[in-house]
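In what follows, a structure is listed as structure tokens, so that the remarks can point back to it.
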Amino acid sequence: MSPSQRRERIVDVDRRLVAIAKEIRVLGELSWPAETVDAFLASWRRGEPELPAVTYPHGRHRTQLEALLELRRELDVHDPVQSFLDDTAGSYRAAGRMLEHAGTPSFLELSQTLYGKPDDRLPGASITHLEAADQLLAATDKLADAGLDFDPGATIPSEEAAARMRDRLASFFTKHDVEVVVDPHLGAKAMAGAKRVRLRGDTLFSELDLDQLVEHEAFIHSATALNGREQPVLTVLGLGAPRTTLTQEGLATVAELATRAIDLARLRRIALRIRAIHLAIEGADFVEVFRFFLERGQSDEESVRSAMRVFRGGDVRGRWVFTKDVVYLQGLVAVHTFLRKSIADHKPFLIERLFAGRMALSDVFLLEEAFTDGLVAPALYVPAWARNLRALAAYLAFTAVAYSIDLGAIELEQILPAYDFE
103 MSPSQRRERI VDVDRRLVAI AKEIRVLGEL SWPAETVDAF LASWRRGEPE LPAVTYPHGR
163 HRTQLEALLE LRRELDVHDP VQSFLDDTAG SYRAAGRMLE HAGTPSFLEL SQTLYGKPDD
223 RLPGASITHL EAADQLLAAT DKLADAGLDF DPGATIPSEE AAARMRDRLA SFFTKHDVEV
283 VVDPHLGAKA MAGAKRVRLR GDTLFSELDL DQLVEHEAFI HSATALNGRE QPVLTVLGLG
343 APRTTLTQEG LATVAELATR AIDLARLRRI ALRIRAIHLA IEGADFVEVF RFFLERGQSD
403 EESVRSAMRV FRGGDVRGRW VFTKDVVYLQ GLVAVHTFLR KSIADHKPFL IERLFAGRMA
463 LSDVFLLEEA FTDGLVAPAL YVPAWARNLR ALAAYLAFTA VAYSIDLGAI ELEQILPAYD
523 FE
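Taking my numbering as reference, the numbering of the sequence shown is continuous, increasing by one, and the terminal residue is 524.
Dropping the structure here:
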């Protein structure tokens with residue numbers, strides 16, 4: 103097969119895959135209607151909490167599942183680019199099967215295949231996600247006991263927050279219009295696509311919330327989606343394939359850290375969700391998980407939305423739940439380690455490649471030849487913290503040293519050596 107024939111074949115498969123994948127929208131199909139959340143809150147406030155009534159349609163993706171299977175049969179997995187397409191098609195097929203089994207035990211199994219589970223070990227670490235989450239919670243509990251206030255002081259209405267975000271996005275997305283809209287029906291606090299960032303209506307935001315949303319949602323999720331859409335060949339990089347979720351959320355959370363747009367309350371929410379997933383898998387129902395969030399300091403409105411994240415697509419009676427929120431901590435550790443290793447191995451160019459589209463960490467290597475020969479174009483939008491490799495290298499080098507210090511082995515009075523001057 104000549105280079106031109108190979109390119110034509112890749113373009114053909116890419117376009118067909120994009121058309122199929124657009125019909126498999128995991129979060130869109132699993133999200134609960136606002137009325138379901140409102141009904142539960144009303145029952146809770148009456149003192150008679152009722153398990154939410156949620157149903158999921160089955161059989162909607164049979165055509166897509168068959169088309170993905172047929173497409174994968176056509177691919178030569180010995181070709182790196184076709185192998186990438188095969189992996190991507192495979193993850194969409196797993197997601198489609200998961201949607202087909204919503205509310206059943208198979209849903210949990212497929213969710214764990216895509217996103218992991220709380221008792222998986224963190225990359226390169228000896229502890230599990232759950233153990234790391236519990237350590238974060240214990241540390242923040244001690245800080246709270248010491249009087250540290252986690253309240254970010256949310257006073258900015260959603261409409262004002264949207265207006266302020268528009269100004270910041272306009273100066274970054276110089277070749278595209280990325281709009282910011284207020285969505286009164288949005289379950290999450292914010293959600294980003296290639297050309298739109300949605301904020302939940304009737305919600306107050308803090309200054310730090312705005313920084314987090316800009317760095318996480320816009321400068322990572324929207325930027326990588328736009329960069330992928332601008333690809334001349336592999337336009338599938340503009341979609342959020344399920345296999346890219348861990349890297350996307352890890353990269354976005356690292357962005358919050360690198361720009362100091364994260365706080366302890368945010369880390370605490372990530373840890374609480376992992377603990378809640380574990381509780382639900384062990385048998386806790388929706389009301390019990392709701393109470394768990396409530397007892398850990400969240401309002402009843404935030405607690406019901408947090409519980410919904412765990413049970414969307416699953417069974418509100420417990421055991422079969424959605425494990426996506428496991429990826430935030432795993433992704434944070436994996437991406438942070440990847441960035442450190444890229445600089446340590448004198449390959450800083452790999453960092454900008456992560457922004458060429460929505461991809462998994464492994465794709466940077468799988469598509470190495472494609473980056474070299476132009477099948478994958480450089481990223482159009484890369485946030486400032488990732489472009490400034492000297493500053494990023496300094497930050498990563500220092501944190502690597504700092505993380506090696508065992509705080510439990512020293513006392514505050516022993517941090518500096520004692521000097522004996524004669």
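Glycine is no exception: its CB is placed at the ideal position from the N, C-alpha and C atoms.
Which value, in whole angstroms, describes the spacing of the CA atoms of residue i and residue j?
i      : j      : result
GLY459 : PRO480 : 9 Å
LEU498 : THR361 : 13 Å
GLY416 : LEU216 : 15 Å
LEU381 : LEU239 : 15 Å
VAL284 : PHE307 : 12 Å
SER464 : GLY420 : 34 Å
THR242 : ILE372 : 12 Å
ILE364 : VAL115 : 40 Å
THR337 : GLY295 : 15 Å
ALA290 : PRO259 : 16 Å
ASP475 : ARG109 : 11 Å
LEU477 : MET293 : 30 Å
THR276 : HIS318 : 18 Å
LEU396 : VAL389 : 10 Å
ARG266 : ASP304 : 16 Å
SER273 : GLN107 : 40 Å
VAL299 : ALA320 : 7 Å
PRO286 : ARG489 : 36 Å
ASP387 : VAL128 : 22 Å
VAL282 : GLU261 : 10 Å
ALA486 : GLN350 : 17 Å
ALA378 : VAL412 : 7 Å
GLY385 : GLU172 : 38 Å
GLY255 : ARG111 : 54 Å
ARG117 : SER213 : 26 Å
SER104 : VAL113 : 14 Å
PHE142 : HIS448 : 54 Å
LEU366 : SER401 : 17 Å
Tell me which same chain residues have a C-beta within less than 8 Å of the C-beta of residue i, skipping the five on either side of it?
i      : result
LEU167 : ARG195, GLY198, ARG199 and GLU202
ILE126 : HIS163, GLN166, TYR194, ALA197, GLY198 and LEU201
GLY352 : VAL429, TYR430, GLN432, GLY433, LEU434, VAL435, ALA436, VAL437 and HIS438
GLU470 : PRO182
LEU494 : ALA360, LEU441, ILE445, ILE453, TRP487 and ALA488
VAL316 : MET267, ARG270, LEU271 and ALA363
Would you mind giving the Cβ-Cβ distance between residue i and residue j, rounded to the nearest angstrom? I have them listed as a contact below 8 Å.
i      : j      : result
LEU374 : ARG398 : 6 Å
VAL418 : VAL139 : Incorrect: roughly 12 Å between the Cβ atoms, too far for contact.
LEU301 : ALA327 : Between ALA327 and LEU301 the Cβ distance is about 17 Å, and since that is not below 8 Å, they are no contact.
LEU210 : VAL391 : About 15 Å separates the two Cβ atoms, so there is no contact after all.
LEU359 : MET461 : Wrong, their Cβ atoms sit about 21 Å apart, outside the cutoff.
VAL120 : LEU341 : 6 Å
First and last residue of the beta strand (DSSP E) that includes residue i?
i      : result
MET103 : Unbroken run through MET103: none, as it is neither H nor E.
MET461 : No beta strand (DSSP E) holds MET461; DSSP gives it neither H nor E.
LEU301 : 298-302
ALA292 : 292-294
ASP285 : 281-285
What are the start and end residues of the alpha helix (DSSP H) that includes residue i?
i      : result
ALA357 : 347-360
ALA272 : 260-274
VAL406 : 402-413
ALA382 : 366-383
GLY330 : 325-331
ASP221 : Taken as a continuous stretch (DSSP letters only), ASP221 belongs to no alpha helix (DSSP H), as it is neither H nor E.
LEU452 : 451-455
VAL428 : No alpha helix (DSSP H) holds VAL428; DSSP gives it neither H nor E.
TYR194 : 182-202
THR138 : 136-147
VAL389 : 388-397
THR474 : 470-475
Which same chain residues end up closer than 6 Å to residue i when comparing Cβ atoms and leaving out the 5 residues on each side of it in sequence?
i      : result
ALA204 : TYR158 and GLY415
LYS426 : TYR217
ARG223 : THR230
ALA472 : VAL183 and VAL478
LYS297 : VAL280
ILE322 : LEU353, ALA354 and ALA357
ARG370 : THR242
HIS278 : LEU328
ARG368 : none
ALA169 : ILE122
Near residue i, what residues of its chain come up, given a Cβ to Cβ distance below 7 Å and the 5 sequence neighbours on each side ignored?
i      : result
PRO225 : GLN432, VAL435, ALA436 and THR439
VAL83  : Since the displayed the chain opens at 103 and closes at 524, residue 83 lies outside it and no answer follows.
LEU468 : PRO182, SER185 and PHE186
Decide if the segment 175-193 is in contact with the segment 337-346; the criterion is three or more beta carbon pairs, one per stretch, under 8 Å apart.
-> A contact exists between the segment 175-193 and the segment 337-346.
Inspect the CB distances between the segment 327-338 and the segment 161-178 and report whether three or more fall short of 8 Å.
-> No: the two stretches stay apart, fewer than three of their Cβ pairs being nearer than 8 Å.
Counting Cβ pairs, one atom from each stretch, are 3 or more of them under 8 Å apart for the segment 127-138 and the segment 150-167?
-> The segment 127-138, when compared against the segment 150-167, does touch it at the 8 Å Cβ threshold.
Is the number of C-beta pairs between the segment 299-318 and the segment 437-451 that are closer than 8 Å three or more?
-> Touching, no.
Taking 8 Å as the threshold, find out whether the segment 221-240 comes into contact with the segment 429-439 through three or more Cβ pairs.
-> Contact between the segment 221-240 and the segment 429-439 is present, because at least three Cβ pairs lie under 8 Å.
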